[in-house]
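**Student:** These protein sequences, in sequence, are chains A and B. Counting in the working numbering, the first sequence runs from 1 upward without gaps. Counting in the working numbering, the second sequence runs from 357 upward without gaps. Positions of the beta carbon are idealized from the N, C-alpha and C atoms, including for glycine.
2 protein chains.
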Amino acid sequence: MITIKDIAKEANVSAGTVDRVLHNRGGVSTETEQKVNKILKERNFKINLIASSLAMKKNHTLATLIPNFDQQNIFWKSPHSGIEKGSQEVKAYGIENHIFTFNQFDPNSYAKAFRELIKTSPDAVILVPIFLKETKAIIETLKNKKIPYLFLNINLKGSDSLCYIGQKSFEAGILAGKLSNICTTEDDEILMVLTRKNLFNHEAIQDRIEGFLDFHQKSNSKTKIHKLQFNQPDEVFRSREKINQFIEKHPKVKGVVVPSSRVSVVCKAIDKEKLVDLRIIGFDTTPQNIDFLKRGDVTFLISQKSFNQGYKSIITIANFLVHKEIPSNEIPTPLEIITKENYMFSHSEERKYSIE
Amino acid sequence: MITIKDIAKEANVSAGTVDRVLHNRGGVSTETEQKVNKILKERNFKINLIASSLAMKKNHTLATLIPNFDQQNIFWKSPHSGIEKGSQEVKAYGIENHIFTFNQFDPNSYAKAFRELIKTSPDAVILVPIFLKETKAIIETLKNKKIPYLFLNINLKGSDSLCYIGQKSFEAGILAGKLSNICTTEDDEILMVLTRKNLFNHEAIQDRIEGFLDFHQKSNSKTKIHKLQFNQPDEVFRSREKINQFIEKHPKVKGVVVPSSRVSVVCKAIDKEKLVDLRIIGFDTTPQNIDFLKRGDVTFLISQKSFNQGYKSIITIANFLVHKEIPSNEIPTPLEIITKENYMFSHSEERKYSIE
DNA sequence: TAAGTAGGTGTGTACGCACACGAAATTTGA
DNA sequence: TCAAATTTCGTGTGCGTACACACCTACTTA
């Protein structure tokens with residue numbers, strides 16, 4: 001391994017000078033700079049990240065603004081875990097992360113959580129920008145204080161965030177379209193179960209719906225697509241005659257697509273004997289969804305690997321702060337197709353981490 | 357962040373003593389040890405991996421024995437890249453990896469490459485144990501020299517390798533069964549295209565076939581499964597009348613499964629107008645396979661993420677050497693389902709690395 | 001012309017933290 | 001009381017970073 005000292009010796013300068021050249025910190029004559037650069041290249045010198053990190057230790061503070069989770073709304077648990085894991089890893093780099101949570105249905109709690117967050121004067125912020133209006137104010141504050149921020153899971157185009165880490169929802173919808181197309185024939189019909197004005201990220205869900213329809217349109221399939229709307233996710237179960245009657249009336253419906261993460265609720269609502277004949281496609285690997293996948297009721301789940309999203313957010317921000325590594329504007333999460341046969345090989349990192 | 361010094365100060369001992377307690381290196385009185393341990397626990401002390409690595413620098417040597425790749429046999433390129441990436445990352449930890457390649461069809465080149473490898477007296481070895489007899493001799497040598505080794509991509513049960521990193525082939529076959537089942541109806545028939553005594557890991561391919569058949573048997577599907585054998589992968593294309601005639605004779609064949617990584621060859625052999633009606637399932641995301649996926653000829657590819665396998669091998673071995681972290685006996689790679697709609701979101705790390 | 005100054009260029013070194021070895025201090029046993 | 005054994009301490013090491021300071025040249029001013 002070649003060290004700065006080796007380079008310095010060869011160039012007849014001190015280690016400090018090599019360091020200045022490496023970081024373009026100025027104060028080096030063009031002649032010396034060229035000489036050093038030449039040797040750096042010849043020897044293929046790479047900064048030792050370990051030593052660099054140790055030396056750079058500066059105690060950065062991160063802050064994360066993310067919805068809380070409970071039994072009913074477990075979706076946010078995965079990103080939480082990923083963030084936890086990432087935080088653990090970067091601790092050694094002198095980076096401390098604080099999580100501030102809010103109620104995903106309450107804009108006030110969002111604003112309030114941010115007020116708490118900003119008191120800690122973090123060096124960078126990870127945001128799940130659920131509420132548009134409040135987010136604009138938040139971004140304004142961050143901009144004034146020159147605090148870089150990153151969007152997690154939900155994107156807000158037009159703002160100059162450091163980067164967006166999340167799923168491409170439209171493309172996820174296209175994939176759902178493809179899968180529904182594959183697991184039905186042309187004569188079959190497909191039912192899409194919607195929840196009006198969904199809980200939080202209704203934009204993402206809208207994008208999925210559009211992607212789904214886009215696929216069916218572009219592929220010239222003659223498959224008829226029905227839509228069934230509910231006002232509340234729990235209404236699907238409460239008034240389950242609605243969906244069961246619909247299926248009885250439309251015996252050609254063989255595929256069901258649920259663009260939200262609540263496919264488990266839909267499965268619960270549909271009569272068991274009807275489930276057998278249906279191919280059901282949903283999103284997100286919540287424990288409830290996985291349950292119905294295991295039973296064979298759900299055929300495909302499209303996962304956005306939210307654990308990885310959380311994890312990656314921390315790592316990305318950390319690399320930005322410590323190594324000034326500027327991330328690409330958008331880091332799309334893989335669209336993982338999960339079935340009963342492969343779910344146990346997915347999310348192994350998440351499981352491993354949860355057990356510990 | 358709590359440092360060893362903090363602990364030492366609080367316990368009224370020196371940093372050295374704390375270090376001895378941390379690593380159970382002995383030479384500490386029971387009393388002091390308990391006192392230090394108590395404070396370690398209270399303060400939830402975690403070793404700073406960065407500083408630890410820097411201090412531990414020991415210059416380990418790794419060696420990797422893996423088949424070479426070329427245009428015809430590009431399968432091994434991905435693990436190569438993953439290994440390269442991993443090697444880069446661990447270089448800072450004073451770990452140097454050397455790759456020794458061999459011809460995957462020639463046992464002698466395998467043995468010869470190993471003889472070269474062992475001359476470098478590595479501290480650990482990554483093996484792709486293609487040839488049984490030669491591998492047994494290799495393992496014997498490694499055991500005598502007490503060099504730990506890890507199997508990559510191909511497993512050899514019964515040997516006491518540190519760990520196996522690769523796909524569960526039987527389960528991959530089951531998944532292929534499920535996918536073929538989903539994208540055909542009960543009246544359809546499925547064709548499996550085999551290559552007799554496949555190139556290298558015919559065991560893995562045999563497992564896939566068995567998994568595939570197992571799924572169809574257990575699911576009580578009445579779908580008829582045909583098998584078509586070729587002696588050489590290139591024979592599929594050379595004598596392509598064989599496969600085309602077969603499809604003409606069996607118009608009910610709607611699904612094609614290729615358990616090797618050569619689904620592209622099969623696609624090339626089948627007449628274009630016939631391809632339209634077929635749902636084709638293959639394994640591994642070689643560039644050729646991806647081409648046919650993009651065109652829409654291949655419906656599903658089951659990926660074993662061989663880039664990640666290579667990468668993980670290095671990281672696992674490195675953690676074992678540096679941090680004495682003993683890996684679990686088997687690290688299965690996710691069974692990724694790749695379609696035209698999601699392939700661009702997969703393997704992003706591999707692509708990112710290849711570009712650089 | 002000598003003294004003074006500013007700017008550019010380069011050096012030396014403390015620091016971050018854990019690790020490990022030689023040396024010192026203390027205890028034990030004879 | 002002395003030697004041996006046990007316990008503990010002090011310090012150099014790994015490598016890059018960044019700051020204080022030293023040095024040199026060129027130019028200004030008395």
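Between the C-alpha atoms of A/K178 and A/R295, what's the straight-line distance to the nearest angstrom?
**Tutor:** Spanning the two alpha carbons is a distance of roughly 23 Å.
**Student:** Out of B/H379, B/I363, B/S408, B/S434, state which residue places its alpha-carbon closest to the alpha-carbon of B/K397.
**Tutor:** For the residues B/H379, B/I363, B/S408, B/S434, the minimum Cα distance to B/K397 belongs to B/I363.
**Student:** Kindly give me the distance between the Cβ atoms of B/P485 and B/F461, rounded to whole angstroms, as I take these residues to be in contact under 8 Å.
**Tutor:** 15 Å between Cβ atoms; not a contact.
**Student:** Just how far apart, CA to CA, sit B/T689 and A/K46?
**Tutor:** Going from the Cα of B/T689 to the Cα of A/K46 covers about 31 Å.
**Student:** At a Cβ threshold of 7 Å, is A/S360 touching chain B?
**Tutor:** Lying before the first or after the last residue shown, residue 360 of chain A is absent from chain A, which here runs from 1 to 356.
**Student:** In whole angstroms, what is the alpha-carbon distance linking B/N393 and A/I337?
**Tutor:** Computed Cα separation, rounded: 47 Å.
**Student:** May I ask which residues mark the beginning and end of the beta strand (DSSP E) holding B/T388?
**Tutor:** No beta strand (DSSP E) contains B/T388, which is instead part of the alpha helix (DSSP H) from 386–398.
**Student:** Does any C-beta atom of chain A lie closer than 7 Å to the C-beta of B/L691?
**Tutor:** For B/L691, the answer is yes, since a Cβ of chain A falls inside 7 Å of its Cβ.
**Student:** Rounded to the nearest angstrom, how far is the Cβ of B/A480 from that of B/I455, given a contact under 8 Å?
**Tutor:** The Cβ separation is near 14 Å, so there is no contact.
**Student:** Strictly under 7 Å for the Cβ-Cβ distance: is A/K178 near chain B by that measure?
**Tutor:** Chain B contact via Cβ: present.
**Student:** Can you give me, in chain order, the residues of the segment 84–113 of chain A that have a beta carbon less than 9 Å from any beta carbon in chain B?
**Tutor:** Under the 9 Å Cβ criterion, the segment 84–113 of chain A contributes Q88, E89, K91, A92, Y93, G94, E96.
**Student:** When DSSP labels each residue in this structure, what does A/P67 get in the three-state scheme?
**Tutor:** Looking at A/P67 - three-state DSSP - the assignment turns out to be strand.
**Student:** Specify the secondary structure class of B/P643 as computed by DSSP and reduced to three states.
**Tutor:** Here B/P643 sits in helix by DSSP.
**Student:** Going straight from the alpha carbon of A/H226 to that of A/N181, what length do you get?
**Tutor:** Distance between the alpha carbons of A/H226 and A/N181: 14 Å.
**Student:** Only counting the same chain, and skipping five residues up and downstream in sequence, which positions put a Cβ closer than 8 Å to that of A/L228?
**Tutor:** Correct list, in chain order: L191, M192, V193, L194, K242, I243, F246.
**Student:** Leaving out five residues on either side along the sequence, give the residues of the same chain with a beta carbon under 6 Å from the beta carbon of A/A111.
**Tutor:** The residues are E134.
**Student:** Check each candidate in B/I406, B/K361, B/F656 and name the one with the smallest Cα separation from B/V613.
**Tutor:** The residue with the shortest Cα to Cα distance from B/V613 is B/F656.
**Student:** Using only CA atoms, which one of B/Y505, B/G522, B/K668, B/I521 lies nearest to B/S515?
**Tutor:** When only C-alpha atoms are compared, the closest one is B/Y505.
**Student:** What's the C-alpha gap between B/S443 and A/G282?
**Tutor:** The alpha-carbon atoms of B/S443 and A/G282 are separated by roughly 39 Å.
**Student:** Note down, in chain order, every chain B residue with its Cβ under 7 Å from the Cβ of A/C183.
**Tutor:** By Cβ distance, chain B contributes I538, C539.
**Student:** Using the three-state DSSP reduction, which class does B/H416 fall into: helix, strand or coil?
**Tutor:** Note: B/H416 maps to strand in three-state DSSP.
**Student:** Let me know the secondary structure DSSP gives B/Q585 once reduced to three states.
**Tutor:** Looking at B/Q585 - three-state DSSP - the assignment turns out to be strand.
**Student:** With A/Q304 and A/Q167 assumed to form a contact (beta carbons below 8 Å), what rounded beta-carbon distance in angstroms separates them?
**Tutor:** So it is a contact: roughly 4 Å between Cβ atoms.
**Student:** When Cβ atoms are compared, which residues of the segment 562–596 of chain B fall closer than 7 Å to chain A?
**Tutor:** Residues: none.
**Student:** Alpha carbon to alpha carbon, how far is A/S169 from A/A204? Give it in angstroms, no decimals.
**Tutor:** Rounded to the nearest angstrom, the two C-alpha atoms are 6 Å apart.
**Student:** I think B/K413 touches B/G450, with their Cβ atoms under 8 Å apart; what is that distance to the nearest whole Å?
**Tutor:** Confirmed, Cβ separation roughly 4 Å.
**Student:** Could you tell me which uninterrupted alpha helix (DSSP H) segments, each at least 4 residues in length, are contained entirely in the segment 503–553 of chain B, listed from first to last along the chain?
**Tutor:** Runs found: 525–538.
**Student:** Rounded C-beta distance between B/E686 and B/C519? I'm assuming under 8 Å.
**Tutor:** With 8 Å as the limit, B/E686 and B/C519 qualify as a contact, their Cβ atoms being about 7 Å apart.
**Student:** Ignore the nearest five residues each way along the sequence and tell me which others in B/V377's own chain have a CB closer than 8 Å to its CB.
**Tutor:** Only V384, T388, E389, V392, N393, L396 meet the Cβ criterion.
**Student:** If you count every other CB in all the chains shown that lies within 10 Å of the CB of A/D284, and 16 or more means buried, which is it?
**Tutor:** It counts as buried.
**Student:** In chain order, what residues of the segment 391–423 of chain B put their CB closer than 9 Å to some CB of chain A?
**Tutor:** Cβ contacts with chain A come from K402, I403, N404, L405, I406, A407, S408, S409, L410, K413, N415.
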